[in-house]
Every structure is written in C-alpha cells, then in structure tokens.
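Engineer: Starting off with a structure, shown below.
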C-alpha cells in the first residue's frame, strides 16, 4: 500500500483545473504570492518527514488574514483541497502536500502580538517560532513550557495542530495544557474563537478538540498561550546503569518517592555512544542505559530533591550518579540528549524515528521485544525515551540506497507501534499520525471509533477539503491494511510501489 | 484493588441506550444527581450510571487511575490518599455521593485549578457509549497520546450531551510534601494587584481566595519553598479545611438567599463593579457573585472584560450557561447532530438548541 495519497483507498479527490484556480486566486487576491512553477514548488514537496514527497498543485504564501480567508473561500467554492503548513518541521508528514491541493503556508504570520506579563499570556500569530515566545517572555521572568526538540524552528500553529510535546511534559503538560485560546478560520472562511482569555469558556471544549487535530478541522490564525514563571533553578543528575531494566525500575522509584522531575530521559547504549561521539557530553559509554533527571523549582526544594533522587537511584542499582556541577555541565548533559537524533544519524546513512507511548511498567518487555525485532529485520535500533511520560523514540538505522532496507525499516517501525498498542499504549505520543502512521491507526482504533472520528470531521468540514488523507484512515484503507496483515509476507497488489 | 461493590455494568447501560435509540426516547443521564442544579432542566428517561462502578486499575508509579463512571468520588479520593497521591484539580462534589462520571461531565475544578490545570487537563482517556449505540474506547492510559481526535477531553464539561461516559482514566500526582494555609488582611483591589505580581514569580501558591476582607493563600511544595514563602508573606495561620469549605460552597458567603453566579475571567481582571457581594477565587480568574441583578446586566459587564457567566441557582434563567455567538453555536449543533443524531443524550441540558 502506497503511503502517498491513494484515491483508491483514501477517497477520490475533486479534479482541479489549475489554471482556473490560479485565475480565481489572482482575480480575488491580487497581492497574494502564489508559487506555481515546478521549480518553485519543489522546496515544499515534504515536511520534516522527507522520505515522503508530493509536489503540491500550488503554494500560497499569504501575508494578511484577509488573504487566508480569501484563499479558503476560493478553494471552498472550487472544491480544492487545502493543506496548511507552518515551519514544515513535523515528523509525521502532517503537512505533506497533495498534487490536487493547495499548500497554504502560514509561516509569514510571525508576529508576537502582545505579551501580558500580569496575566501571564502571550498572543501570537501562528507562524511564530516556539522558542521565540520564550525569548520574548524572558525579560518578564516568564516562559512558554512545551519545548519540542525542534523548538528553534517549529511554529506555534504547527504545535497546536499536532499537540506538540517535549522533554518536560510530565510536569508541565503538552501543548493542550498550555494554550488558552485559538482563533481559526473554518473551511468556509468563517472566523471562530475557541477557548478564551479566561481559564474556561461556555459550551463544548472545542479548544481541546482542535488541539492535535492536524489541520483537518480548521486553519489556525492566532494563538494565546499561557506563560509560566521561570523556575528559580534547575539541576541535572546523570545516572548510569548496567541494565535497561534497572534504569526503568529507577524511574518508577523516583515517582514512588513523590517526586515529579522537570525532565526524565533515558538512553540505551547505542544512543549513549552515538551522542558521546558527537557531543562529548561526558556520558559513560559502557553503561547499558543512562537516566537524565532534571529537578527544577525553588532552590531549597531542588536541593532536597536532588539528595532524595540520588538515594533512590543508588538504591535502584545505579553504578554511578553524577550531578552537573555547574550550568555549563548541565547544558552539556542535555546537549547529548537533545542531539541524540542527529548523533544516531551519524552512525547510519538514514534513520527512522518512531514515537510510540507505553505504560512505563511495560518498558523492559517492550525493549526486549524491540531487540528481537531488530535482529529479525537485520536493522539496528537505538532507543531514546522520555521515561517520565512513557514516550519512546526508537530510532531505526538503515540505508535507503540498499534495496529493500527502507521497506524493512518501515515494516519494523510498524511492528514496534503495534507492540505499543498491544501493551496499552499509543502509536504516537507527540509527533502526530499525519500520513506516516495512517495505517497503524487501524491497529489502535476499531471501525466504530474511526466512524466517530469521521463524524467529527463531518461536523466541521463535510466536504473533506482540509488536509484529506491525514490523521484518520478511511475504513477502506483499514480493511485493506487488515487484509495485508492476514496474508503476512504475501502482500496484495505486489505491483504497487511501496515507499 | 477490587472493592465489594465493583460491578461492570456497561452492557446494561449500553442496552438501555440502544433501547432509547430504537424508541427515540431522550435520556437523562445521572449519577447521584448532586449537580442536577447546574444547567437547564431536561425531561427524559433516567439513565442511572451508579451501578457501573469500581476502580478498574491504579498503579501509583504510573500516575494513572482508571475508574468506572458510577464510582463515588469519595472512593477515588480514599484510594489515592492511601498512596499519598491526589487528583490535583480538586473537583467539587456538591453532595456526599457524587460520582466520577458526573465529575467529568460537569468538568468543575477546585481552588488549585489555575496552578494545576482543570478536570479536562487530567483526562487521559474515556470509554463512552456513542449516539450510534457503540461502546468506544477513546484516548488511553498514557500521558502522551495524540492519535486521532481528542474526544476524551471533549467529553469533560459536555454535561452528558455527547454520549454516556462509562469509564475514565485520569492522570494523578503525588501530594505535595508540605501544605500551609495563611490569611492576610487587605482589600480586594490590593489583593488582585498583589496576586498578579506574585503570579510572575516562582512562589509555591496553590490556592488564592479573597473574601472581601482577607486574602487567603495556600502554599504547597517542598519544606524549603513553603517555609521561605511563609517567611516572606507572613500572615495568620489558616485551617486547611478552608479550601474544602470554599470548594463545596460551605462558606457563609454561599448561605445568603440571593442567586449565585459564577464569573470566569481573564487573569488580572480588576475588581468588577456589580451589585451584590463577590468572592474572589482562582487568584482572580473565578469569582462568585451573590446578586439580584439581571442576568443580561451581569453578562454584559463580564463580557466586556472577556469573561463569561454561569448561573448556579437552579431554574433562575433559561440559559444558565452564557449564550454562544451564532457561528460557534452552529458548529456546536453540527457536532451534537453528528455525535448524537437521534438527540437522546441530555437534550437541552447545556443549551436549548443542543
């Protein structure tokens, strides 16, 4: 089954006359920048998941909200699918274009409209970068908590669309916990405000529904986020273990001691060595697993908690526990973790990053099963794990130039995600379903549940013009995916290309 | 974990919903009915959720508890308490027998809400009987899960208008090591200014209420931070039970005869000039008003500052919840129509049109 939009299983898309659309947009929106030549469209053919590429029909780069509204109205009239895109850093192909659709780039809406320090809020345009919000809030001693690893580049509109996470979610929550209000344009070009400047709003919690809806229900035009006072201090402990099981148990022990760390990360030996080679963070390269535990808050509490956590780690069998001596060392400890993906990328021509979540107690079993799968498929897997919140990022190493390796990597990835579902977890913790995990959705949800998802879509976009093919698979696709599983190894339609 | 009264009665509830679907009979979904005074009065056959009860799973080190809708909130609290954990959003009960299902459906949170998050923020997953008569599993039991639309959190505060919540998984947290309540004498203008200032600093405040004369604060955290904050702020010692009394509307303020209104306001809204008496909660973001003023007048004043109003006195007005702007109402209707096409789930409880 081709992962790119396949009208046979994903639903027919309206045929669009490119010239008619171009003419309509130019007539109605004379100042709108439109890209339509093949060479101009090329840079937009993928997002952060570069293995999947489709050239969009057109790219539009509006500068004013009136233009966004105009684009949506024209596209609605002419029945043209619209895919919204922020900074294009998403890892699940959520902004993968359609060759029969317009790619709506919101990156130029990059103004911070207002920081209200007394109310602890920031009102920003959707193209504002995640990190830019914290930078703008810093003079007031405030910051925006969710910090996906792409925070230097990713935009807040995309963060809301994907319900982005980061390394501090256990204590500070996901995007959905840190957003007060989102303004959107509907598929018909109507403005709607979801949430409010107060802590709740009347009616259904549409703000929660829209957060993470991957651009299928509306286009985000403005976001009001909550800001938090910066913790007075943050300290990091690094603990080394001679087995991943012990490291996994130590995580549960820290929580059982009543401590919620600001960040709690685990890396396995392959990831440790890769990171150390790349960053020279001072990681113990012989350890089978390390835990990075960040404690933040008021000085006195953090000091006490560091002592407590150190005791817990030693009792859990850590062979070494180190506390970063100063801010420089703390940053270096984190740099190893935050660069784990590119570090692993140096070990292998390509890698494929997974995003499953599991109940933490299942970690030893799941890691063991991943090791077996890794052997079975003949591909190495490095494990990086947001241990505090159960979000795993197995990195599958492969070489796309070797025939069959990408297929094997994808198949192995799919198995890992199905394993996560089997132990009570989810196929995606923070990267989103997008196009990438569209088939695994069939493993996590049954047809009754998918039908309800489709009815949600119908309430906001009955024509299915917003980001079709993402997030929720058609029942037809799932039926075919299920059939593939039944005949494992003997795929139907062998003539079809499989990316 | 299993209690003596634990029963999985979901199939019986499902059967009742299917009967209702077949006969197009509206249902009035209720637990102990402790929050029946909220929202509009609705007719319909009673769907009593209390038989489906019990804690399904709880592993303190996972920080997740899963309970059936009919489980009493008191049972949930006891089980968490035994493991030194809590549901940080402190949902009020408004009655001895309040249930988990009603708590989610009403989505009300207590004094800690501005600092900890609301009921919906702690929802990880739900099981729901849909308007198609199907038992669905939405969300899950893990902290991070972005697969599909977030229908579990949509269920929180939906007053049962989108389906029957049969089970919920909630994120829980360890109780803070130290808790200390204090009260300071100051007028409400000064208290609101002070709270805005403190809000920008890393102080361990977890509740803040002004009763007209005194500012009541709860400090929670480690020993060091609570001690340091106490030394800095001073004030008189206050019983911790104050917060429960505030949350359950047992303070004298709530006894007066006038109608009760809940005002939800942006942080840092100055004192509002309204007839009657006010009690400031949530550090200023939630205010209780005892007033004989007209609903339209109160709404206008609150609307101007970007807030909204709920009438907490039953039967006083036909739209206890703030009316929605027309476009937003249209999408609410679309959603209701899609999820409850036969209109059997608490029709009219939230708004006459839903």
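Protein chains in written order, with my numbering: chain F, 1 to 499; chain S, 500 to 853. Cβ coordinates follow ideal geometry from the N, Cα and C atoms, glycine included. Please read all numbers here as calculations on a predicted model, not as lab measurements.
1) Which of the three DSSP states, helix, strand or coil, is assigned to residue 197(F)?
2) Quick one: give me the first and last residue of the alpha helix (DSSP H) that residue 431(F) is part of.
3) Go to residue 3(F), then tell me how far its beta strand (DSSP E) extends in each direction, as first and last residue.
4) Would you say residue 629(S) reaches chain F, if we count a Cβ-Cβ gap shorter than 7 Å as a contact?
5) Could you tell me if residue 470(F) is buried or exposed, where buried requires 16 or more neighbouring beta carbons within 10 angstroms of its beta carbon?
6) Using a Cβ distance threshold of 8 Å, determine whether the segment 455-464 of chain F contacts the segment 814-834 of chain S, with at least three qualifying pairs required.
7) Pick helix, strand or coil for residue 76(F), following the three-state DSSP scheme.
8) Run down chain F in chain order and give the residues with a C-beta less than 9 Å from the C-beta of residue 781(S).
9) With distances taken Cα to Cα, identify the nearest neighbour of residue 405(F) among 430(F), 294(F), 376(F) and 427(F).
10) Can you tell me whether residue 229(F) is helix, strand or coil according to DSSP?
11) Using 10 angstroms around the beta-carbon of residue 719(S), count the other beta-carbons present and answer buried if the total reaches 16, otherwise exposed.
12) Check each candidate in 94(F), 215(F), 148(F) and 259(F) and name the one with the smallest Cα separation from residue 171(F).
13) Keeping to the same chain, check which residues put their C-beta closer than 8 Å to that of residue 179(F); ignore five residues upstream and five downstream.
14) Shortest alpha-carbon distance to residue 146(F) belongs to which of 166(F), 124(F), 217(F) and 158(F)?
15) So, for residue 770(S): in the same chain, excluding its five sequence neighbours on each side, which residues have a beta-carbon less than 7 Å away from its beta-carbon?
16) Can you give the Cα-Cα distance for residue 372(F) and residue 275(F), rounded to whole angstroms?
17) Over the uninterrupted beta strand (DSSP E) stretch that includes residue 735(S), give me the two end residues.
18) Ignore the nearest five residues each way along the sequence and tell me which others in residue 118(F)'s own chain have a CB closer than 7 Å to its CB.
19) If we define contact as Cβ-Cβ less than 7 Å, is residue 114(F) a contact residue for chain S?
20) By the DSSP assignment, the beta strand (DSSP E) with residue 704(S) in it spans what residues?
21) Mind reading off the beta-carbon distance from residue 286(F) to residue 295(F)? Whole number of angstroms is fine, and I expect it under 8 Å.
22) Using a Cβ-Cβ cut-off of 7 Å, state whether residue 118(F) counts as contacting chain S.
23) Pull up the DSSP beta-bridge partners for residue 679(S), would you.
24) Given a cut-off of 7 Å on the beta-carbon distance, is the pair residue 182(F) and residue 163(F) in contact?
25) What's the gap between the Cα of residue 95(F) and the Cα of residue 752(S)?
26) From residue 555(S) to residue 667(S), what does the alpha carbon distance come to, in whole angstroms?
27) Consult DSSP for residue 320(F) and reduce its assignment to one of helix, strand or coil.
28) Going by alpha carbons, who is nearest to residue 640(S) out of 514(S), 552(S), 563(S) and 612(S)?
29) Suppose the cutoff is 6 Å on Cβ atoms and the five residues either side in sequence are ignored; what does the same chain contact list for residue 402(F) look like?
30) Residue 541(S) and residue 847(S) - do their beta-carbons sit closer together than 7 Å?
31) Within 10 angstroms of the Cβ of residue 814(S), are there 16 or more other Cβ atoms? Answer buried if so, exposed if not.
32) Using a cut-off of 7 Å between C-beta atoms, extract the partners of residue 177(F) located in chain S.
33) Report the option in 425(F), 60(F) and 448(F) whose CA atom is closest to the CA atom of residue 646(S).
34) Quick check on this structure: which residue in 730(S), 722(S), 696(S) and 678(S) has the alpha carbon closest to the alpha carbon of residue 706(S)?
35) Pull up the distance between the alpha-carbon of residue 408(F) and that of residue 442(F), whole angstroms please.
36) Taking just the CA atoms, how far does residue 131(F) sit from residue 860(S)?
Structural biologist: Taking the geometry as given:
1) Residue mapping note: residue 197(F) aligns to position 197 of the first chain, counting from 1. Looking at residue 197(F) - three-state DSSP - the assignment turns out to be coil, as it is neither helix nor strand.
2) In the first chain, the residue the question calls residue 431(F) occupies position 431. Element bounds for residue 431(F): n/a, residue is neither H nor E.
3) Translated into the one-based positions of the first chain, residue 3(F) becomes position 3. Note, residue 3(F): premise wrong, no beta strand (DSSP E); not H, not E.
4) Taking the first residue of the second chain as position 1, residue 629(S) is located at position 130. Answer yes: the Cβ-Cβ gap between residue 629(S) and chain F drops below 7 Å somewhere.
5) By 1-based counting over the first chain, the position of residue 470(F) is 470. With 16 or more other Cβ atoms within 10 Å, it is buried.
6) yes
7) Translated into the one-based positions of the first chain, residue 76(F) becomes position 76. The answer is helix: DSSP assigns residue 76(F) an H, G or I state.
8) Residue 781(S) sits at position 282 when you count from the first residue of the second chain. Chain F residues near residue 781(S): 199.
9) Working through the first chain from its first residue, we reach residue 405(F) at position 405. The shortest Cα separation from residue 405(F) among 430(F), 294(F), 376(F) and 427(F) belongs to 376(F).
10) Your numbering for residue 229(F) matches position 229 in the first chain. In this structure, residue 229(F) counts as strand in the three-state DSSP scheme.
11) The residue given as residue 719(S) occupies position 220 in the second chain. The residue in question, residue 719(S), is buried, as its Cβ has 16 or more Cβ neighbours within 10 Å.
12) Translated into the one-based positions of the first chain, residue 171(F) becomes position 171. Taking only the C-alpha atoms, the option nearest residue 171(F) is 259(F).
13) Counting from 1 along the first chain, the entry for residue 179(F) is found at position 179. Closer than 8 Å at the Cβ level, and outside the excluded window around residue 179(F), lie 160, 195, 207, 211, 223, 224, 225 and 226.
14) Here residue 146(F) is taken as the residue at index 146 of the first chain, counted from 1. Among 166(F), 124(F), 217(F) and 158(F), the Cα nearest to that of residue 146(F) belongs to 166(F).
15) Along the second chain, read from residue 1 onward, the residue named residue 770(S) stands at position 271. Answer for residue 770(S): 687, 688 and 691, listed in chain order.
16) Against the first chain, residue 372(F) aligns to sequence position 372. Against the first chain, residue 275(F) aligns to sequence position 275. Each residue's alpha carbon lies about 23 Å from the other.
17) Residue numbering aside, residue 735(S) sits at position 236 when the second chain is read from its first letter. That run of the beta strand (DSSP E) goes 735-737.
18) For the purposes of this step, residue 118(F) is taken as residue 118 along the first chain, with counting starting at 1. Same-chain partners within the cutoff: there are none.
19) As a working note, residue 114(F) is residue 114 in the first chain. False, the Cβ-Cβ gap to chain S never drops below 7 Å.
20) To locate residue 704(S), count along the second chain from 1; it is residue 205. First-last of the beta strand (DSSP E) with residue 704(S): 704-709.
21) Residue mapping note: residue 286(F) aligns to position 286 of the first chain, counting from 1. Residue mapping note: residue 295(F) aligns to position 295 of the first chain, counting from 1. Rounded, the Cβ-Cβ distance is 26 Å, inconsistent with contact.
22) Along the first chain, read from residue 1 onward, the residue named residue 118(F) stands at position 118. It does: the Cβ of residue 118(F) has a partner Cβ on chain S nearer than 7 Å.
23) Position 180 of the second chain, counted from the first residue, corresponds to residue 679(S). DSSP lists 718(S) as partners of residue 679(S).
24) By 1-based counting over the first chain, the position of residue 182(F) is 182. By 1-based counting over the first chain, the position of residue 163(F) is 163. Cβ distance not < 7 Å, so residue 182(F) and residue 163(F) don't count as in contact.
25) If you number the first chain from 1, residue 95(F) lands on position 95. If you number the second chain from 1, residue 752(S) lands on position 253. For residue 95(F) and residue 752(S), the distance between alpha carbons rounds to 53 Å.
26) Position 56 of the second chain, counting from 1, holds the residue named residue 555(S). Position 168 of the second chain, counting from 1, holds the residue named residue 667(S). Approximately 9 Å, taken between the alpha carbons.
27) For the purposes of this step, residue 320(F) is taken as the residue at position 320 of the first chain. Three-state result, residue 320(F): strand.
28) Indexing the second chain from 1 puts residue 640(S) at position 141. Per the Cα distances, 563(S).
29) Position 402 of the first chain holds residue 402(F). Closer than 6 Å at Cβ, skipping near neighbours: no residue.
30) Counting from 1 along the second chain, the entry for residue 847(S) is found at position 348. Counting from 1 along the second chain, the entry for residue 541(S) is found at position 42. Their beta carbons are under 7 Å apart, which means residue 847(S) touches residue 541(S) by this criterion.
31) What you label residue 814(S) is simply residue 315 of the second chain in a count that begins at 1. Residue 814(S) comes out exposed.
32) Mapped onto the first chain, residue 177(F) falls at position 177. The answer, in chain order, is 616 and 620.
33) Translated into positions along the second chain, residue 646(S) becomes position 147. Ranking the options by Cα distance to residue 646(S), first place goes to 425(F).
34) Taking the first residue of the second chain as 1, we reach residue 706(S) at position 207. For residue 706(S), the nearest C-alpha among the options comes from 678(S).
35) Along the first chain, read from residue 1 onward, the residue named residue 408(F) stands at position 408. Along the first chain, read from residue 1 onward, the residue named residue 442(F) stands at position 442. Their backbone Cα atoms lie some 20 Å apart in a straight line.
36) For residue 860(S) there is no data in the structure shown, the boundaries of chain S being 500 and 853.
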